[in-house]
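According to the numbering used here, the sequence shown is numbered sequentially starting from 121. Think of the CB as a built atom: it goes at the ideal place given N, C-alpha and C, for glycine as much as any other residue. The structure presented is a predicted model; accordingly, all values stated were derived computationally and were not measured.
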Amino acid sequence: MTPILAQEPVTLPSGRTFDLYRSRWDGVLDHEEFEYCRQHGIPIAYDCAQIGWVTQTFRDESIELPSYPVPTNRAAASMTMDLESRAIELRHQLAKEAGKLQIEVSQHRLSLDLALERLEFVAATAMKQLAKAFSLADCDLCHWGLKSAIAEFLGAVRGPLQLRPNGSDSKAFEFRPWAPDDAEIYTELLGNERVWQYLPEPFPSEFTTETARTLIEVGAFSFHHEAVAIDVERRNIGQNLLRFDGPSDGVRRPIGQCLLRFDRPLAGVRASEVAYWLGEEHWGQGWMSRVLPEFTYRSFRRHSIDVIYAWIMEDNKASIRVAERAGYRREPCALETHIAESLRRPGFVRYATYRVDWMLDAAEES
Ligand SMILES: CC(C)(COP(=O)(O)OP(=O)(O)OC[C@H]1O[C@@H](n2cnc3c(N)ncnc32)[C@H](O)[C@@H]1OP(=O)(O)O)[C@@H](O)C(=O)NCCC(=O)NCCS
121 MTPILAQEPV TLPSGRTFDL YRSRWDGVLD HEEFEYCRQH GIPIAYDCAQ IGWVTQTFRD
181 ESIELPSYPV PTNRAAASMT MDLESRAIEL RHQLAKEAGK LQIEVSQHRL SLDLALERLE
241 FVAATAMKQL AKAFSLADCD LCHWGLKSAI AEFLGAVRGP LQLRPNGSDS KAFEFRPWAP
301 DDAEIYTELL GNERVWQYLP EPFPSEFTTE TARTLIEVGA FSFHHEAVAI DVERRNIGQN
361 LLRFDGPSDG VRRPIGQCLL RFDRPLAGVR ASEVAYWLGE EHWGQGWMSR VLPEFTYRSF
421 RRHSIDVIYA WIMEDNKASI RVAERAGYRR EPCALETHIA ESLRRPGFVR YATYRVDWML
481 DAAEES
């Protein structure tokens, strides 16, 4: 039976209020809100875009929400303008400093390590200044502007990393949108507590095909994220039917998901978060080591984004290895722990890769 939900905000055990009808973009449910929903039978849905749970009663984004929050009054508008101009200014200052250091490094008056240390210090100082006036989420957006200037500096001094996926891997799988007909296989893949162990959100105690259908539906909102199934051709070798080699019987089947969530651009720089998972039966067979480089390459080519990052739990060794093999590097930042907590990712660290380091030749576009 569908519960009757309070129209007024409810009070949580900690004393905080909780609006069951809040906007979806006010953020995903934290642990206390999630528990409240579970105990009171309040229907929830997994929001693939924000990578977290929301109530199914969130207000309709098409009526109230543009692709990212816009200021609703003059004070907020001037704050946003202020953030934009501050971010441009800081990025400009850092790029200027990088230009000077580039000359010193090229003339062997300064080592690359010391130059980098100096730039990281400038970036960290800028972040701390920003934190006095703006939210941590705003500081985080600004962080990508600063770090992409450092990535450009590195590209100019030591050359870009020239990352690209191994072309032959791309034939082993395809990315495609999830379809309502996938609900059953989606349930088989994601309805498993162990898959959620390293994801930022708790496992929903009951994961039915109905849950899967809702997740597929919510994931299909497409203006600010892209969620794709990793579709693999079945091959007739040995016990394991989902292999890279051997003759194919032409049957395809999803084994997991990759998701790209677009951040709001700031100072001309746009970052995107990548998140990925596989059904447990497909772990440890080298799939994600092949899939993530392809997905990253595809994402840079299809979207005008400057940096892609992943939040990974510190002890998720397999995911860290996958990210590193795909060219992602550990991406510390001055306020990382605070940012991680404010985004409900305590214990997670970040790995990132920059557009400048990828070989995205136009010749291959066709
Ligand atoms: C994390 C995950 C995507 C890895 O994908 P995968 O296809 O199983 O990984 P691969 O087989 O390509 O292995 C990648 C590397 O991790 C290593 N690895 C795999 N499992 C491991 C484990 N449990 N502990 C340590 N290393 C491990 C592999 O040996 C390999 O290292 P190598 O490159 O040195 O040989 C998959 O395990 C998964 O979906 N887990 C649950 C969801 C999740 O954690 N998602 C990521 C959230 S950030």
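Requested in this report: Report buried or exposed for Ser424, applying the criterion of at least 16 other Cβ atoms within 10 angstroms of its Cβ.
Outcome: exposed
Query raised in the report: Just to confirm, does Asn312 get its C-beta within under 7 Å of one of the non-hydrogen atoms of ligand 1?
Result: no
**Report entry** Local conformation of Thr137 per DSSP, three classes
**Finding:** Strand, per DSSP.
**Report entry** Residue closest to Met333, alpha-carbon to alpha-carbon, out of Tyr306, Leu319 and Glu321
**Finding:** Reading off the sequence shown, one finds Arg at residue 333, where the question assumed Met. The residue with the shortest Cα to Cα distance from Arg333 is Tyr306.
Query raised in the report: Thinking C-beta only, is Asp302 closer than 8 Å to Ala347?
Result: no
Query raised in the report: Leaving out the 5 sequence neighbours to the left and right, which residues in its chain are closer than 6 Å to Glu294 when beta-carbon positions are compared?
Result: The beta carbon of Glu294 sits closer than 6 Å to those of Asp351, all from its chain and outside the five residues before and after it, given in chain order.
Requested in this report: Please confirm whether Asp435 and Val389 have their CB atoms less than 8 Å apart.
Outcome: no
Query - Spatially closest choice to Gly467 from Arg422, Met479 and Glu321, by CA coordinates - result: Minimum Cα distance to Gly467 is reached at Glu321.
Report task. State the DSSP-derived secondary structure class of Thr334, mapped to helix, strand or coil. Result -> Annotated three-state conformation of Thr334 is helix, per DSSP.
Report task. Please confirm whether any heavy atom of ligand 1 lies closer than 7 Å to the CB of Ile432. Result -> In this structure, ligand 1 has a non-hydrogen atom nearer than 7 Å to the beta-carbon of Ile432.
Requested in this report: Please determine, among Arg418, Arg475 and Ala460, the residue with the shortest C-alpha to C-alpha distance to Arg296.
Outcome: Arg418
Query raised in the report: With contact counted as at least three CB pairs below 8 Å, one residue from each stretch, are the region 245 to 264 and the region 377 to 396 in contact?
Result: yes
Requested in this report: Kindly indicate the opening and closing residues of the beta strand (DSSP E) around Tyr396.
Outcome: Ala391 to Leu398
Requested in this report: Could I get the ranges of all uninterrupted alpha helix (DSSP H) runs contained in the region 282 to 332, with 4 residues as the minimum, in chain order?
Outcome: If we require 4 residues or more, the alpha helix (DSSP H) runs fully inside the region 282 to 332 come out as 303 to 310 and 313 to 316.
Report task. Please confirm whether Ala251 and Leu455 have their CB atoms less than 8 Å apart. Result -> yes
Query raised in the report: So, are the CB atoms of Ala271 and Tyr474 less than 8 Å apart?
Result: yes
Report task. Would you mind stating whether Arg283 and Met479 have Cβ atoms separated by less than 8 Å? Result -> Note that residue 283 is Leu in the sequence shown here, rather than Arg. Cβ atoms of Leu283 and Met479: closer than 8 Å.
Report task. Could you tell me the distance, in whole angstroms, from the CA atom of Arg450 to the CA atom of Arg158? Result -> 35 Å
Report task. Taking Ala235 and Val225 to be in contact with their CB atoms under 8 Å, please state how far apart those CB atoms are, rounded to whole angstroms. Result -> Taking C-beta atoms under 8 Å as the contact rule, Ala235 and Val225 qualify, at a distance of about 5 Å.
Query raised in the report: Can you pull the DSSP bridge partners for Cys378?
Result: Answer is Val348 and Tyr396.
Query raised in the report: Contact check, Cys378 vs Val411 under 8 Å by CB: the rounded distance?
Result: 7 Å
Query - Of the listed residues Lys248, His345 and Ala430, nearest to Arg422 (C-alpha basis) - result: His345
**Report entry** Cβ-based neighbour list, Pro280, same chain, cut-off 7 Å, excluding 5 preceding and 5 following
**Finding:** Val476 and Asp477
Report task. State yes or no: is the C-beta of Gln213 nearer than 7 Å to some heavy atom of ligand 1? Result -> no
Requested in this report: Sort Leu380, Phe254, Glu304 and Glu237 by Cα distance to Lys267 and report the nearest one.
Outcome: Glu237
**Report entry** Contact set for Gly275: own chain, Cβ-Cβ below 6 Å, skip 5 residues either direction
**Finding:** Val476
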